[in-house]
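Numbered according to the numbering used here, the sequence shown spans residues 1384 to 1761.
So the structure is just underneath, and the comments pick up after that.
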Amino acid sequence: MSKRQRHLYYVCNFFVFAALAMVNTITIPYMKEIGYSLMQQSVILAANALIAILGQFLFGYLCDRFHAIKRLFLMAYILFIAGTCVMLMQGEKRFWIHLLSIALSGGLVKVVTGLNETWMLQADAQHYGRLRAAGALGLSAGSPIAGYISAQLSYGAMMWGFLAVSAMAILMLLRCKDVRLKKSADLKHDLKQLLCNRDYLLLVIIFLLIYMAGTADQYTVVDKLLHIGGSAREVGWKWGIQSFCEFPLFLAGGWLLAKISAQRLLAAGIFMYGVKFALYAFFQEPLWIVACALLQLVTMPLVLLTSKFLIRQVTSEAVAGSAQMFAMAVFVGVSALITPLICAPLVERFGHDLTLYGIAAFCLIPLLLTLFYIRKNK
């Protein structure tokens, strides 16, 4: 890849992820402000996850069917913009409209993220960490901007800011080169082999379990932050700090993976997730909850980087796109589906703190499975 084209990818990732961050930041405060209960929010978020699961399976298949990503990425991104605009144009409770629009918007966030990561990995695996770091900068910029505009002006004003950022993203996307995925002689046969790959399935289970904790960070922790007196502004700062903390590790990802095995990095990331949730449960001030977001430095980036490279190690190039997208459909989509439905009743029965301590303890399960995987593949 030429240096100029790589720079285009950097700028494109920045604007794409800035737009994704703006939507992620305001979704829960928006639902809470217009009066949806915790269980109603959970139902909407479950629909969001269903769209993510179906979308990632569909787009993963289409990537291998047409051996390209760019056109499909643009299609998913335009649908994401449409869902977000419909969501924000409704200023009062309209459950069915919000169910469909938030499901489309939030579900496509995950589809677009998955497509982007697969695209970047295929386009320039050597500089994948740097490409993803540009996305982390976009996330760190989009979150506080969305939180500030929502708190100081209105969600309608936020929509216009979102459209401006999305327009820049599309302009950059149109200038980026596509990648040609390796053609598979028999896609169905390859997918069948993929499902018989024990290492692949074990990795998917491990990442599903840890992404369940990551989903709780997006939903249950944000709900506690709002419950103890935080606002959309604090939510924006939390997302912004988390995203900025991802930048250094993504930037040094290639060097880190060369020095330390991906399996051990994964184990370290999972352990720090447990520590992070224990601290979320312990602190009772919005400022300290936001400060805990600094631990993102050693959690999500480690998990995300290792997921890409470990899955790539155990699968063939013929189904590279499907392997990544189908895996993400499970550990991102399924975790987004079941986590709100599990955590919402737990919060109502036991409160935020006991639920968060329970999530911290739950992180032991993927940690033990990771240690088993390390021993098995030593």
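Cβ atoms here follow ideal geometry from the backbone N, Cα and C, with glycine treated the same way.
Own chain residues within Cβ distance below 6 angstroms of residue i, not counting five before or after
{"i": "Ala-1568", "result": "Because the pLDDT of Ala-1568 is 48, which lies under 50, any placement of that residue in the model is unreliable, and the question is left without a value."}
{"i": "Met-1503", "result": "Tyr-1511, Leu-1514"}
{"i": "Met-1595", "result": "Ser-1718, Thr-1722"}
{"i": "Ala-1401", "result": "Gly-1521, Ala-1524, Gly-1525, Val-1548"}
{"i": "Leu-1729", "result": "Thr-1738"}
{"i": "Val-1681", "result": "Met-1655"}
{"i": "Phe-1627", "result": "Ser-1523"}
{"i": "Ile-1464", "result": "Ser-1549"}
{"i": "Met-1414", "result": "Gln-1424"}
{"i": "Ile-1427", "result": "Leu-1482, Ile-1485"}
{"i": "Ala-1519", "result": "Ser-1626, Glu-1629, Phe-1630, Phe-1633"}
{"i": "Asn-1760", "result": "none"}
{"i": "Arg-1758", "result": "none"}
{"i": "Ala-1676", "result": "Lys-1621, Ile-1624, Gln-1625"}
Start-to-end residues for the alpha helix (DSSP H) that takes in residue i
{"i": "Glu-1668", "result": "From DSSP, Glu-1668 is part of no alpha helix (DSSP H); its letter is neither H nor E."}
{"i": "Ser-1549", "result": "1538-1558"}
{"i": "Ser-1526", "result": "1511-1535"}
{"i": "Lys-1493", "result": "1478-1506"}
{"i": "Thr-1738", "result": "1718-1745"}
{"i": "Gly-1612", "result": "Counting along the chain, Gly-1612 falls outside any alpha helix (DSSP H), and DSSP gives it neither H nor E."}
{"i": "Ala-1712", "result": "No alpha helix (DSSP H) contains Ala-1712, which DSSP labels as neither H nor E."}
{"i": "Ser-1690", "result": "1683-1696"}
Residues near residue i by beta carbon distance below 7 angstroms, same chain, minus five either side
{"i": "Gly-1466", "result": "Ser-1484, Leu-1487, Ser-1488, Leu-1491"}
{"i": "Leu-1765", "result": "Shown here, the chain extends from 1384 to 1761; a query on residue 1765 therefore has no answer."}
{"i": "Phe-1398", "result": "Gly-1521, Val-1548, Met-1551, Ala-1552, Met-1555"}
{"i": "Gly-1612", "result": "Pro-1669"}
{"i": "Asn-1431", "result": "Ile-1485, Ala-1486, Gly-1489, Gly-1490, Ala-1719"}
{"i": "Val-1494", "result": "Ala-1435, Gly-1438, Gln-1439, Phe-1442, Ala-1459"}
{"i": "Glu-1731", "result": "Leu-1421"}
{"i": "Leu-1391", "result": "Met-1555, Arg-1558, Cys-1559"}
{"i": "Ile-1409", "result": "Ala-1529, Ser-1533, Tyr-1538, Met-1541, Ala-1615"}
{"i": "Leu-1455", "result": "Phe-1442, Leu-1445, Cys-1446, Leu-1498"}
Beta carbon of residue i nearer than 9 angstroms to that of residue j
{"i": "Cys-1395", "j": "Ala-1552", "result": "yes"}
{"i": "Cys-1746", "j": "Phe-1654", "result": "yes"}
{"i": "Ser-1549", "j": "Tyr-1460", "result": "yes"}
{"i": "Met-1470", "j": "Gly-1539", "result": "no"}
{"i": "Met-1739", "j": "Tyr-1663", "result": "Looking at the sequence shown, residue 1739 is not Met but Leu. Yes; because the gap between Cβ atoms is below 9 angstroms, this pair is in contact."}
{"i": "Leu-1679", "j": "Ile-1593", "result": "In the sequence as displayed, the identity of residue 1679 is Gln instead of Leu. Contact flag unset, no."}
{"i": "Arg-1616", "j": "Ser-1523", "result": "no"}
{"i": "Lys-1560", "j": "Lys-1453", "result": "yes"}
{"i": "Leu-1577", "j": "Leu-1640", "result": "no"}
{"i": "Met-1683", "j": "Gly-1597", "result": "yes"}
{"i": "Gly-1418", "j": "Gly-1497", "result": "no"}
{"i": "Leu-1693", "j": "Ser-1425", "result": "no"}
{"i": "Phe-1714", "j": "Val-1587", "result": "yes"}
{"i": "Leu-1763", "j": "Leu-1457", "result": "The question about residue 1763 has no answer, for the chain in this structure spans 1384 to 1761."}
{"i": "Val-1658", "j": "Ala-1744", "result": "no"}
{"i": "Val-1673", "j": "Lys-1621", "result": "yes"}
{"i": "Lys-1607", "j": "Asp-1736", "result": "yes"}
{"i": "Leu-1584", "j": "Leu-1752", "result": "no"}
{"i": "Glu-1500", "j": "Lys-1691", "result": "yes"}
{"i": "Ile-1589", "j": "Tyr-1393", "result": "no"}
{"i": "Ile-1480", "j": "Tyr-1602", "result": "no"}
Own chain, CB closer than 8 angstroms to residue i, minus 5 neighbours either side, in chain order
{"i": "Ile-1748", "result": "Leu-1592"}
{"i": "Gln-1509", "result": "Gly-1637"}
{"i": "Leu-1754", "result": "Ala-1650"}
{"i": "Gly-1544", "result": "Met-1405, Ile-1528, Ala-1529, Ile-1532"}
{"i": "Leu-1648", "result": "Leu-1639, Leu-1640, Leu-1685, Leu-1688, Thr-1689"}
- Task: Could I get the ranges of all uninterrupted beta strand (DSSP E) runs contained in the region 1631-1673, with 3 residues as the minimum, in chain order?
- Result: Restricting attention to beta strand (DSSP E) runs no shorter than 3 residues, the region 1631-1673 encloses none.
- Task: Could you pull out every unbroken alpha helix (DSSP H) segment of at least 4 residues lying fully inside the region 1414-1458, listed in chain order?
- Result: List check, alpha helix (DSSP H) in window: 1421-1449.
- Message: Runs of 4 residues minimum, wholly inside the region 1570-1600: which ones carry the alpha helix (DSSP H) assignment?
- Response: Runs of the alpha helix (DSSP H) lying entirely within the region 1570-1600 and spanning at least 4 residues, in chain order: 1570-1578.
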